[in-house]
Structures are given as structure tokens and as C-alpha cells.
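These notes concern the structure reproduced below.
Number of protein chains: 2
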Amino acid sequence: MSVVNAAILGFGTVGEGVYRTIQSHQEELEAALGKPVKVVAVLVKNEHKSREIETDVLVTTEIEEIFNLPDLHVIFEAIVDKEPSFTYLKQAIAKGCHVITANKEMFCYHGQELLDLAQKQRVGVGYEASVAGGIPIIQTLQQLLNINNVTAIQGILNGTSNFILTEMREQKQSFEAALALAQQKGYAEADPGNDIYGCDAFYKLMILSGLVFGEQPDLKSVKINGITGITLEQIELADQWGLRFKHLASIEKKQERLHASVTPVLVSQSHPLYHVEGVDNAVNVTGDLVGDITLQGPGAGMYPTASAMVEDLVHVLQKPAGEKARNKAASKIIKENGEQDASYWLVSNIKQEQLSNAGIDFEQLEESFFAAKASPAQIEQLKEQEDGTTVYYPIVGTFELKNEHKETHLIGAHG
Amino acid sequence: MSVVNAAILGFGTVGEGVYRTIQSHQEELEAALGKPVKVVAVLVKNEHKSREIETDVLVTTEIEEIFNLPDLHVIFEAIVDKEPSFTYLKQAIAKGCHVITANKEMFCYHGQELLDLAQKQRVGVGYEASVAGGIPIIQTLQQLLNINNVTAIQGILNGTSNFILTEMREQKQSFEAALALAQQKGYAEADPGNDIYGCDAFYKLMILSGLVFGEQPDLKSVKINGITGITLEQIELADQWGLRFKHLASIEKKQERLHASVTPVLVSQSHPLYHVEGVDNAVNVTGDLVGDITLQGPGAGMYPTASAMVEDLVHVLQKPAGEKARNKAASKIIKENGEQDASYWLVSNIKQEQLSNAGIDFEQLEESFFAAKASPAQIEQLKEQEDGTTVYYPIVGTFELKNEHKETHLIGAHG
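Protein chains in written order, with UniProt numbering: chain W, 1 to 415; chain X, 1 to 415.
Okay, here's the thing in C-alpha cells:
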């Protein structure tokens, strides 16, 4: 081919960003690919809406019109929901097109099938933009995985909920006020459920699981807790202990078992994600050779996301066709999911006798707020004994109770 | 080839790390390359020293013995100083070997020549380990550069000096005590000059300049300031303003001009490198599409560095032979270097009249310590008028004087 012909499915923020980037960065694309890239078609919902698209581009509501185009090489998919995206991309691959997607929900559920199909058809699949926007986490992991055994990933994968938590702490706002501001600034959708209940972060985490461990835990059994239960009072109390709430998506392989969760945790200053604030995303990767590396940057936005998708274009066109999927075989992994394996917890809505009776070391900050040192088993035991209103947040990063190193081992020193 | 035959030049920390990694990660290498990798020779200084190397490996002090081996495919170079490394790698390329180096000084001065030679010989050059150890900054930049115009890079590129500055602030240590601890912990060499005077960071910055901008500023004219002049008193005063000293290596392209420097600066909490502590390295990259992304991780160490070099092996063997060097053409760049273009400065050893007379806004913290709002031109003017003992540190990140937003524009409110 002397020109790379591309179609874009969807012309929302992401689709339009890809279009504008291809228009404005032709020189870079020609330098990288040795030929120009031309957007020949755009799939839209409403044909009559006014858009700034060159007149020689086919703008249509009919996917078949796009598939009937001769010499189509690449499909950029920038629509939401699993369907019809998955069906469209299967069709595109069957027709020999490379596909590049930003659709995290679809790729969470159907990514492996698309990768398998693409390998048979000797085309490429790019999904960098589906996780953490402009941060090149997929390609970085693919490189690291050539040699490293990656054992754990933890990330802040949803900018909206991180913005809300930051805003609550810094501006002493209620959850509702911070959410309203996020919506006003365009970070949160009119329906912000995917962000604040943790589904969006969950999709991204499962995509990373597939890449790093070669498979996903049973999706329905992964524990997903949103940030809606976090109060300003809790945030301020945690702050007094030097702790911050972060909505942490984490997956870890320990003793051949996968442990995955998306849940609010309290992180201390030594934790690599303590300082990630506002709408930024960040991912911390632990490899057996490289140790811990952290990537931080914009997790969304028109141009960061477009940057990731257009980089994917260069990547799929440059790499040898039919290169085997790099997902690691992981046949020995027993699927499982679990709580953060924490030793310390912030526990609220509990009576101190319940902690004392369970033999748990703790410190009291306010009437019903305690920092406790307890094993996951002890926490499970507590849960069985209380009425279901108690809240438990794991504390990660270096932390200890103030009374912990006293010679006499006091239980509940402030009690 | 059915086996990849490799030689390692040097068997210090890095060379030994590469050897051990290739031994321990054969499974991963075979999965990535489709064939095993065998270390067939190691170049050492002293043949008689006892080392844990398999008996079928040629251990020699003579480079010619290595070059005379049949079917040698890759050279890992892990020695120091420009020579004889550069000569060895030129010879290796001429013989059709891929070369992978961790030698920042050599690659700073001779990298472009090696890349040009390798392109002619259709072999690869890997230099990921030469900058920021295990952090995959070279490959990340190569990817971003496919599409993004990278306009600025700033990094903490020397773990030893960052450790010293962290230790001084956290433990209230003198420079000398922190340096002694760095040496005791094995972070600093017996001769730590390259670290604390900034040469090590300078070499790495110039390698990044070649990659990102396609050329380097005139090396002799780049301003390099070490950290030896920073006192505990200055660190504590800065801390009162919420500022931390960081030894910042930065290069920026503004109006087609390159500005490069390696110098201590004061960063405020909003700065992306404020939180980088201890021996970690970090690099912040600004691209026109992606915005700001930051990579942080171990900048040195046996296995992080080996991880980068062995990933390079996979990379050079997987990519099409003779792929053009990805360095950007940058013929329009006028070479230049300059100070940080700061608006705020910490100025010490100066009289407040000198600041007042120069029409500079300032605040006094202690007798001869001032935070000042001044243009680089005003700072230049000050320097001309004083006796050369005054110290100026640029402040980067969001910062303002406490009196700045008062209605009456006071000059030197505390004076």
C-alpha cells in the first residue's frame, strides 16, 4: 500500500481526537511509516450533525458502507459499550484490517478473542488507549514482560474518582460537591456510575491481567468497592494519621494464585501512589528483575488518548504480521481474588470492646474511629460478629501504630 | 542462527548482572526469541580472579580472542570510560554484531557515530541501560516520538545525589555525612565526583537530547552545577517554604532553541519530581499530544540495569535489521544552552538593599536568605553587581511570594 487508509468508528471526544491528530501529524506519520495516513470514513450516530470533517471523507451511519470500501487497512474504534463494537471489530479483523480500540469494557470481556482472531488473520490489535489514556502502560508492560516476571500491578486507573478524593481532601468538600465539580469540569459523565462505583477501573485492571498473567480471574467474583461511602470526616481523620484515600485497582500473583480487587485503601506517604492527585492516572509495576517502576500521566482527554491510538497505528504497522500474542501462558495460575493482604486497617462504626475482645491491637482517634493491626482472618472474624455497618479500609505503605514499639505491649492504649 | 551467541565486556556489577539474568531467564528469552541465548565469552581485567562462570565460557583479557570467535551475534558492553569501549564497539559493529551498552559517558560522546555505523551494517544498538537504569525511558521516548513532538524533558538522573539530598533533609545530616552514608551503602563510588558534580547526569541528559532532538547542544557550553554547595541550613530554610532541593537535568526546545542544564533547583509540591526521593531516578516528558508523563524507578543496581540490557537484546533481535535510526532530524535547531527560565529564586549571601535597588520583589526568611521574584535578566544584573559569593537557586513548580497578592505592591514586605 502507498497510503494507509483508516476508518474511525465514533466521533465523540476520542474519535475526533484521532481524526485531528492524523490531520495535524502527517509529517510524523510519514516519517515513521514511510507513507501518509488517510482517514477515508467515519461512522457516526447522526449523519446530519455538523462536524468539521473534510468533504472527501465518507461520513455514514452504516457500518456496511465502511466495510465495502476497497483497500481499508485500519479501523480505529472509539465508541462505548460492548456491542456493537465487538461485532464490528470481529468483522474488521475478518476482512484483514488492523484494529485499534479505546473501548475498555469491550476489551475487558472480548480482548482475548480479538487477539486470537487477529493472530490467525495476521493483523494487529492495538489497545493502549483502553488503559490509562496517554500513559504507555501496555507497551511498557509488553517490553518488560519479554524478560521480567511481573508479579504485581497496582494503579489509580480512574481519573474522575481520584479527582473527587483529591478535591474532598484539599478543599474540604463533601463527596456530592466534589462529584458535581467533576461533572462541571467535564471529567465525569452525566451518569458517573462507572467511575465512582469502580467498574471503569475494574475493566482496565482485567485488561492488564490478561496481558500480564495470560488470563483473568473469574470476572464476577472480583471484589469491586466504589468510593461513594467515603466521607469528608473519614478523609480528615485519615489525614491526621498522614494517610490518604486512594481508589486502588490491584492484581497480584502470590503462590500461583491471582488476587485482584478494586477498592478504596488508605496509603501512607511511602506508597508510590500517595502523591498521585487530581485527574492523573498512575500504574506501579513490580517485576522480578526491574523492581518497582511507576508511570504517571493523563488518564483521559482528547489528545492524550488520541496519542496512544495513533502510536498503536505505528506499532501495528511496524511489527511483523502475525507476531504471536505476547500474553504470557499462565496455566498454573489458580483463579482467585482477594482482599488487600493488609496488616493495618482503618475501622469505623465499631465499639472498642469488639476490637479488644478479638485480641486486636488498635489506637483510637475519635469515638468510633480506630487504626487497627489485624490479620485478614481477624478482620473476617470481626465482620461475622458485627451488624454489617462497620467500615474497614486497608492501609498500605509503611505504617505502624504509635504504641507499637513500647516495651509493654498495650492493647488499645487510648482506650 | 539457532542459538544467540553473546559476549559480555566487563564483569563488574552490570556485566555480572547480565550474565546471571541470561542464565536465570532462559525460558523467557526462548519464549521471546524462539531460540536460546548463550554467553560464550566474557572480557575481564584479571584472568586469575575467581568468578562463578560456567567452565565452557571463554574468560579472557584479550578482546581479539572474543572477536575471533565464530558466530558471535551480540556484544554487551559493561565497562567504564570512553576508551577502549568505543573502539571495541566500532569493531563489533564492523563484524556484524549487535551491540548493547550501559556506558553513558561513551554513548554521550560517540552514540551518534555508533548508531550511524550500525545502520550501515544493518545491526542494532541498544542503550536503554545508559540512562536511568531499569526505567524504560529510551523505548518510551522512541514510541512517543513516533507521533508526539517532545518539547521538554526534566529528570533526576543520578540516584546518588538524590539520595544525599534526601538524607540531608530527612535526617538533618551534613553533606559530608550523607555522602559517607551513600558510599557505605554502595550507592556512591570511592570517587563520587561524577555523581555529585553532575557529570553523570549530564552524560545521560545529552544521550536523551540526541534521541529526542536529533542532536546535542555544544557539550562544553552546557552549564553543569553540582550539589556540593548545598548546605543543611539552606535545605531547612527551603523546607520552611515547602520547597525541596532536587538536582535537575533538563533540556527544552523553545522557539527552535535548545536550553540544557544540570543544576540544583528548588521544586515546590506541585512539581512532578518533588516526591522523588532516595536513590530513585525519574524522568518527566512533555509531548505536544500526550501532555506530561513521568516515569520513576530504580536508576541503578545489578538487576534493574541487567533487565534493561537484556530487554534491549530482545528489541534489537526482533526489529527489522537496518531500521533507520529514530533520532529526529532537527536541522532548524539553533544550539544553545541556558539557565532554568525561572521567575522565582532562592537567593542567599546578599544584602536586601541589592534586591531592593534592582527593583526585585522579595521576602526575607533569615538574615541573608531571600525568596525573590525576578527575571533571568534581573538575576544576571544582580550577578554583575555582587562579589561572586551570592548563591542563586531557581524555584520551579507553582510558587508565589506571600505578599504577592496584596493590593498595595510592597517591595520586600519583611525588610
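The beta carbon of each residue, even a glycine, is placed where N, CA and C say it ideally should be.
Beta-carbon contacts of residue i that lie in its chain and below 6 Å, excluding the five residues immediately before and after
i        : result
W/Thr398 : Ser268 and Ser270
X/Glu323 : Confidence at X/Glu323 is low in this model, with a pLDDT of 47, below 50, so its placement is unreliable and the value that follows should be read with caution. There are no such residues.
X/Ile75  : Ala7, Ala92, Cys97 and Val99
W/Lys328 : Note that W/Lys328 scores 47 on pLDDT, short of 50, meaning its location in the model is unreliable; the coordinates nonetheless yield the value given after this. Cβ neighbours of W/Lys328 beyond the five flanking positions: Gly214.
X/Ala180 : none
X/Val80  : none
W/Gly278 : Phe163 and Thr166
X/Asn158 : Asp195, Asp200 and Ala201
X/Ala330 : With a pLDDT of 40 at X/Ala330, under the threshold of 50, the modelled position of this residue cannot be trusted, and the question is left open.
Cβ neighbours of residue i in the same chain (closer than 8 Å, five flanking residues each side left out)
i                      : result
W/Ile334               : Residue confidence for W/Ile334 is low, a pLDDT of 38 falling below 50, so the modelled location carries little weight; the figure read from the coordinates is stated next. Same-chain partners within the cutoff: Glu256, Arg257 and Leu258.
residue 418 of chain W : For chain W, the structure presents residues 1 to 415; residue 418 of chain W sits outside this window and is missing.
X/Gly193               : Cys199
W/Ser375               : Ser343
X/Val314               : Leu29, Ala32 and Leu33
In DSSP terms, what residue i is bridged to
i        : result
W/Pro376 : According to DSSP, which records beta bridges pairwise, W/Pro376 is partnered with nothing at all.
W/Pro217 : None; W/Pro217 has no bridge partner.
W/Thr398 : DSSP lists no partner for W/Thr398.
W/Lys223 : W/Ser261
X/Ser348 : X/Phe369 and X/Val391
X/Asn5   : X/Lys38
W/Val57  : DSSP lists no partner for W/Val57.
W/Gln364 : W/Phe370
X/Gly229 : In DSSP, X/Gly229 forms no bridge with anything.
Amino acids of chain X, ordered along the chain, whose beta-carbon sits closer than 7 Å to that of residue i
i        : result
W/His275 : His275
W/Gln23  : What W/Gln23 touches in chain X: nothing, since even the nearest Cβ is about 12 Å away.
W/Ala32  : Asn146
W/Ala400 : The sequence given here places Glu at residue 400 of chain W; Ala does not occur at that position. None at all; the shortest Cβ gap to chain X is about 17 Å.
Contacting residues, own chain, Cβ-Cβ under 7 Å from residue i (five flanking each side not counted)
i        : result
W/Ala238 : Arg244, Phe245, Leu266 and Leu346
W/Glu336 : Since pLDDT at W/Glu336 reaches only 42, below the 50 mark, its modelled position is unreliable, and the value read off the structure follows with that caveat. Excluding sequence neighbours, W/Glu336 sits near Pro217, Arg257, Leu258 and His259.
W/Gly210 : Gly111, Gln112, Gln216 and Asn327
W/Thr305 : Val14, Gly17, Ala102, Ala129, Gly133 and Gly134
X/Ile235 : Met168, Arg169 and Phe245
W/Tyr109 : Lys82
W/Ala282 : Gly155, Ile156, Leu273, Val276, Thr294, Leu295 and Gln296
W/Val3   : Lys35, Pro36 and Lys38
Interface residues of chain W facing residue i [CB-CB closer than 8 Å]
i        : result
X/Pro298 : Val290, Gly291, Asp292 and Ile293
X/Pro304 : Leu289, Val290 and Gly291
Continuous alpha helix (DSSP H) stretch holding residue i: start and end
i        : result
W/Glu233 : Leu232 to Gln240
W/Tyr109 : Lys104 to Gln121
X/Gln269 : Careful: X/Gln269 lies outside any alpha helix (DSSP H) and carries neither H nor E.
X/Val74  : Per DSSP, X/Val74 belongs to no alpha helix (DSSP H); it is in the beta strand (DSSP E), Val74 to Glu77.
W/Phe175 : Phe175 to Gln184
X/Val316 : Met302 to Gln318
Range covered by the beta strand (DSSP E) that runs through residue i
i        : result
W/Gly287 : Asp280 to Gly287
X/Val37  : Val37 to Leu43
X/Asp292 : Gly291 to Pro298
W/Gln154 : Val150 to Ile156
X/Phe245 : Arg244 to Lys254
Cβ pair residue i, residue j closer than 8 Å
i        : j        : result
X/Ile207 : X/Ser130 : yes
W/Glu30  : X/Asn146 : no
W/Thr228 : W/Ile196 : yes
W/Val212 : W/Ile153 : yes
W/Leu289 : X/Ser261 : no
W/Val44  : W/Phe86  : no
W/Gly126 : W/Met309 : yes
W/Val40  : W/Leu89  : no
W/Thr140 : X/Pro136 : yes
X/Phe369 : X/Ser356 : no
X/Asp280 : X/Gly299 : yes
X/Ala94  : X/Gln121 : yes
Interface residues of chain W facing residue i [CB-CB closer than 7 Å]
i        : result
X/Gln143 : Pro136, Gln139 and Glu311
X/Asn148 : Ser307
X/Glu256 : Correct list: empty, because the minimum Cβ distance to chain W is about 16 Å.
Per-residue contacts from residue i into chain W (C-beta, under 9 Å)
i        : result
X/Glu167 : Those do not exist, as X/Glu167 stays about 15 Å from chain W at its closest Cβ, beyond 9 Å.
X/Val314 : Gln143, Asn146 and Ile147
Within chain X, partners of residue i - CB distance below 8 Å
i        : result
W/Glu83  : Those within 8 Å of W/Glu83 in chain X number zero; the least Cβ separation is about 30 Å.
W/Glu170 : Those do not exist, as W/Glu170 stays about 11 Å from chain X at its closest Cβ, beyond 8 Å.
Under 9 Å by beta carbon: chain X residues contacting residue i
i        : result
W/Glu215 : Neighbours of W/Glu215 on chain X: none; closest Cβ ~16 Å, over 9 Å.
Cβ-heavy atom distance, residue i to the ligand MG, below 7 Å
i        : result
X/Phe202 : With respect to small molecules bound, the structure shown includes none, and the ligand MG cannot be examined in it.
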